[in-house]
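The sequence shown begins at 8 in our numbering and counts up one residue at a time. The structure under discussion appears below in the form of structure tokens.
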Amino acid sequence: MLADSKLPITFWAEAVNTTCYVQSRVLIIKSKGKTPYELFEKKKPYIGFLKPFGCPCTILDTKTHLGKFESKSDDGFLVGYSSQSKALTVFNSSTRIIEESDNVKCNENTPNIPGSGPNWLFDIDSLSNFLNMSSAVITGSGTEQVQETNPTFVMFPMPFVDSNDACATAAEKSDDQLIVESSETTDEIPTLEEGPQRDQEPEVNDSNLGVDLPEEPLHLTRTQKNHPPTLFVLQHVWDLVDLPRGHRVIGTKWIFRNKTDERGIVIKNKARLVAQGYTQEEGIDYDDVFAPVARIEAIRLFLAFASYKGFKVYQMDVMSAFLYGTIDEEVYVSQPPGFEDPKYPDKVYKLRKALYGLHQAARAWYDTLSSYLLENKFERGVIDKTLFIKRTKTDILLVQIYVDDIIFGSTKDDMCKEFEELMHKKFKMSSMGELTFFLGLQKTDGIFINQSKYVASTLQKFGMNDAKPASTPMETHKHLTADVEGEEVDVHHYRSMIGSLMYLTASRADIMFAVCVCARYLVRPKESHLHAVKRIFKYLKGQPRLGLWYPNDSSFDLVAYTDSDYGGANLDRKSTSGGCQFLGGRLVSWQCKKQTTVSQSTTEAEYIAASQCCSRVLWIQNQMQDYGVSFLQTPIYIDNNSASSIVNNPVKHSKTKHIEIKYHFIRDCNEKKLIQVLKVHTDDQYADLFTKAFDVGKFTFLVTGVGIMNSE
């Protein structure tokens, strides 16, 4: 049996056990006419599950919490059967251990090839000196000069090394210690040479992606120094307890990232302990998870009001914000990798506070912060629940919350200082001074919002740094179609490009229409669609520093423009609504959206667009009431006489009788004097920017008209 399987002699014991297991079920005793199993168990054995000893198999991993890109199975060999269950005994080639599993698929028809098995087991004697060794640790003096040499690596067999113990051992050593890991198997232990010490300064990394702990050697003493576990104790985050019966534990892991400034320079190496929240079950580990997040339009309103009042905007960051949020559910997490308690390694942590990665963490943090502000005489916005206001007789303090980032400003500097002191009393804060990186740039005579750094990184990401610049984001003589016969492109690459551009529209209204048109072909993109997307990147290459300009000397009147094309969508002949809203000369909101119904006339298309624009105007009116500013009879400019007449009077019955009821609410708003629809000439209709493509002359006029300028 062992010879036929071509496995090494070290599997002799498994072969003997398998032989006994099989023969007791198939070998018939002539005198009794029964198998030994039947004589003992008083029932006939079932042998349909028996497989050839040593046959290759695939082992499904159902116990380990695997990442999205990790393999879900391992290769191995069948080496026996469990005597306690229906599981098979297999040798896992990846972990090099023998285990029992019932999630095994055997390849009975695949013969073993000599040498394909675990070759390291053949020379077991030569490796006997290594079997119980863990990672070698070399201690050096921190004051001695270290000679720069190439370190030598050795490999130790995996079955006898406990990764957690190794990490814990490394964490207890001094900062001068060097962990030597494996790269290849050697018969003798070579002389270990001391390598260069790691630089303690922040390192530059092109990709700020999170990295799991096992991916690269980590100096855990450095993590302990910069991110001490005592932080969890000081904030009473958890208690070390035994896992109660009937409860399950949620895993934890370390995430490492490099924090950069507005120039892309790494200023800090961050390590964060997170819970593997994807293993939580709704109703058991969490209930409510929703936490309000500020909309980008609300942030632009905040900045527009700040530029109008002329006060400075400051930024603060709450360090380890989620650790302040109190949770009501009973949640248990494993001890952090590398920081297990040596006295109680089998215990778990019962959470008092939220931990990053938990479903309810964001909500718990928001509840804690909002309760604290309300206790200190702040008012919460009626519409925007992330806006907090504090008023005196003559001054106002505004605080906008975006998870753990806080921007605030006041008409009186003393109120800003008092707010900073208030936050420092309760939380560990990081004051960043005047707001710069979020905006891109802040000037003394106004506010300029751009995303030039993101434009540069996006161009580099998609290999468009050397592209030839284009004068407009979209060609005027070519209309995108389904292009059924066109060559298909990588759908994931196409969607990634569109997603990056959608984020860029937070400050670049000039590319809004082009991005929305290209986004209509996300399901089956073709070469022509990819060419249109690259055209947008070429335009960004030529105009990377465009942004929104909010001047100080502008008025603060709410004005809106709305327009629509007619049947511009080639797929279904639906029209596209466009609209933009201004506070004085400050563009604070814009829309570009395909209508849900097919319009029978330009009048209907323009009327529907005006109704959608009215909805956004009402939202801004309600939002600004929290700032103490009221707007009535807000002008909405439209360039279609018939649509304007329908709003003011229920005329043209033949063109309106079929329009959905929801679009007629603009009439009610007009009667209540909340808005007023006015006529504007087509040449001065700024909403055209969001409904169609233009040549460079008209496009430049519209871009400048809505307040998009170059920072240079």
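In this text, a Cβ means the ideal position worked out from N, Cα and C, and glycines have one as well.
Report the partner residues of residue i according to the DSSP bridge assignment.
i    : result
V684 : I643
I673 : According to DSSP, I673 bridges with nothing at all.
Y568 : C587, Y644
E289 : Y293
A282 : T259
Q322 : I414
Q458 : According to DSSP, which records beta bridges pairwise, Q458 is partnered with nothing at all.
Q5   : Since the first and last residues shown for the chain are 8 and 719, residue 5 lies out of range.
E106 : V97
G83  : C64, N99
I543 : The partner list for I543 (beta bridge, DSSP) is empty, contrary to what the question assumes.
D246 : K357
M436 : V325
I666 : I666 is not bridged to any residue.
I36  : K41
In chain order, what residues of the same chain have a beta carbon less than 6 Å from the beta carbon of residue i, not counting five sequence neighbours either side?
i    : result
E494 : E534
S437 : D324, M326
S721 : Nothing about residue 721 can be read from this structure; the chain reaches only from 8 to 719.
L216 : With a pLDDT of 35 at L216, under the threshold of 50, the predicted position of this residue should be treated as unreliable, though the coordinate-derived value follows. So no residue of the chain qualifies.
A361 : F329, G332, I334, A368, A371
D81  : I66, N99, S101
E107 : S89, A94, T96
V406 : F395, F415
F60  : M8, S12, T25
Could you check where the alpha helix (DSSP H) with residue i kicks off and where it finishes?
i    : result
T443 : Note, T443: premise wrong, no alpha helix (DSSP H); not H, not E.
S314 : 303 to 316
P43  : 43 to 48
L624 : The sequence given here places Val at residue 624; Leu does not occur at that position. 609 to 632 is the span of the alpha helix (DSSP H), which, as asked, contains V624.
C27  : 19 to 33
D421 : 420 to 433
R552 : Neither: R552 is in no alpha helix (DSSP H) and is coded neither H nor E.
L709 : 703 to 712
A694 : No alpha helix (DSSP H) holds A694; DSSP gives it neither H nor E.
Tell me which residue opens and which closes the beta strand (DSSP E) that residue i is part of.
i    : result
E494 : Taken as a continuous stretch (DSSP letters only), E494 belongs to no beta strand (DSSP E), as it is neither H nor E.
Y356 : 355 to 358
T96  : 95 to 99
L67  : 63 to 67
S596 : 593 to 601
K112 : 111 to 113
N656 : It is not in any beta strand (DSSP E) - N656 carries neither H nor E in the DSSP assignment.
M716 : 715 to 717
So is the beta-carbon of residue i under 8 Å away from any non-hydrogen atom of the ligand NAD?
i    : result
K419 : Absent from the structure shown: the ligand NAD. Ligands present: none.
Quick one: what's got a C-beta closer than 7 Å to residue i's C-beta in the same chain, skipping five residues either side?
i    : result
Y670 : Y614, I615, S618
V684 : A617, I643, I645, S651, V654, N655, N677
K51  : E45
W556 : G453, F455, G714, M716
D402 : S417, T418, K419, M422
L300 : Checking the sequence, you will find Val at residue 300 rather than Leu. Around V300: T393, Y409, V410.
K548 : L466, M471, A474, P476
N171 : Here the model assigns N171 a pLDDT of 41, short of 50, so the residue's position is not dependable, and the following value carries that caveat. P344, E347, listed in sequence order.
T663 : I653
S214 : Low per-residue confidence applies at S214: pLDDT is 39, beneath 50, and the placement is therefore not dependable enough to give any value.
Can you name, in chain order, every residue of its own chain whose Cβ lies under 8 Å from the Cβ of residue i, other than the five neighbours on each side?
i    : result
P166 : At P166 the pLDDT is 37, less than 50, meaning the model places this residue with poor confidence and gives no usable figure here.
C62  : S12, F84, L85, C113, N114, E115, T117, N119
V595 : E304, R307, L308, A311, Q588, F589, I627
E77  : none
Quick check: the stretch 426 to 437 against the stretch 341 to 350, are there 3 or more CB pairs under 8 Å? The stretch 426 to 437 vs the stretch 341 to 350: no contact.
Can you confirm whether the stretch 700 to 714 touches the stretch 668 to 681 when touching is taken to mean that 3 or more C-beta pairs between the two stretches lie within less than 8 Å? The stretch 668 to 681 is not in contact with the stretch 700 to 714.
Run through the stretch 496 to 539 for me and flag every whole alpha helix (DSSP H) of 4 or more residues, listed as ranges in chain order. Listed in chain order, they are 498 to 511, 519 to 525.
The stretch 95 to 105 contacting the stretch 27 to 45, beta-carbon criterion three pairs below 8 Å: No, the stretch 95 to 105 is not in contact with the stretch 27 to 45.
Could I get the ranges of all uninterrupted beta strand (DSSP E) runs contained in the stretch 248 to 280, with 3 residues as the minimum, in chain order? As far as the stretch 248 to 280 is concerned, its whole beta strand (DSSP E) runs of at least 3 residues are 259 to 267.
Within the chosen definition, does the stretch 635 to 649 reach the stretch 601 to 619 through at least 3 CB pairs nearer than 8 Å? Output reads yes: the stretch 601 to 619 touches the stretch 635 to 649.
On the three-pair Cβ rule with 8 Å, is the stretch 296 to 310 touching the stretch 279 to 288? With the cut-off at 8 Å, the stretch 296 to 310 and the stretch 279 to 288 do not touch.
Does the count of Cβ pairs from the stretch 539 to 549 and the stretch 695 to 707 closer than 8 Å reach three? No: fewer than three Cβ pairs fall under 8 Å.
Which runs of the alpha helix (DSSP H) fall wholly inside the stretch 326 to 409 and span at least 4 residues, in chain order? You should have 368 to 382.
For the stretch 494 to 512 against the stretch 521 to 538, do three or more pairs of beta-carbon atoms, one drawn from each stretch, fall closer than 8 Å, so that the two count as touching? The count of Cβ pairs closer than 8 Å, one atom from the stretch 494 to 512 and one from the stretch 521 to 538, reaches three, so the stretches are in contact.
Do the stretch 266 to 275 and the stretch 247 to 257 touch if we need at least three Cβ pairs shorter than 8 Å? Touching, no.
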